[in-house]
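Encoded as structure tokens, the structure appears first; notes follow it.
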Amino acid sequence: MDYLKRAPFGGLFLVTFTVAATFQVLMALLGLLLAFLSPGLFFMNGAPATSPVQAVGVLLFLLVVGLVINAGISAIGALLWMGVRIALPKPASV
Numbered sequence: 013m014d015y016l017k018r019a020p021f022g023g024l025f026l027v028t029f030t031v032a033a034t035f036q037v038l039m040a041l042l043g044l045l046l047a048f049l050s051p052g053l054f055f056m057n058g059a060p061a062t063s064p065v066q067a068v069g070v071l072l073f074l075l076v077v078g079l080v081i082n083a084g085i086s087a088i089g090a091l092l093w094m095g096v097r098i099a100l101p102k103p104a105s106v
């Protein structure tokens, strides 16, 4: 909790982005497995992928878009938390 009260914007952003990006990369690895086992699960412009190469292309596109959205959400979240922590009670000086 002390880190949340004192961390600068960059620290807060890095923590939130890293946690979400780790999840996204793990899901992309699962998606890679599915791309080779069942490429028809991945759609491009409404048409199912017909080969693993097409499915991997869709997966890479989704990963990049997800990471960009993750960066935006992490930045907004860090700014909001910096605003909220102003209202938190300050520790008493000893």
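As numbered in the working numbering, residues 13 to 106 make up the sequence shown, in order. For glycine and all other residues, C-beta sits at the position ideal for the given N, C-alpha and C.
Asked: Alpha-carbon spacing of P60 relative to A40, whole angstroms; Found: 18 Å
Asked: A90, buried or exposed, once every other Cβ within 10 Å from all chains shown has been counted against 16; Found: buried
Asked: T28 beta carbon less than 8 Å from that of S86; Found: yes
Asked: Where A33 falls: helix, strand or coil (DSSP); Found: helix
Asked: Completely contained alpha helix (DSSP H) runs for the segment 45-102, where each covers 4 or more residues; Found: 64-99
Asked: Whether A33 touches L79 by CB criterion (8 Å); Found: yes
Asked: For N57, the nearest candidate out of P101, F35 and V70 (CA to CA); Found: V70
Asked: Best match in L75, V76, L24 and M13 for proximity to I88 [C-alpha to C-alpha]; Found: L24
Asked: Length of the line joining the Cα atoms of L42 and T62; Found: 19 Å
Asked: P64 versus L53 - alpha carbon distance; Found: 10 Å
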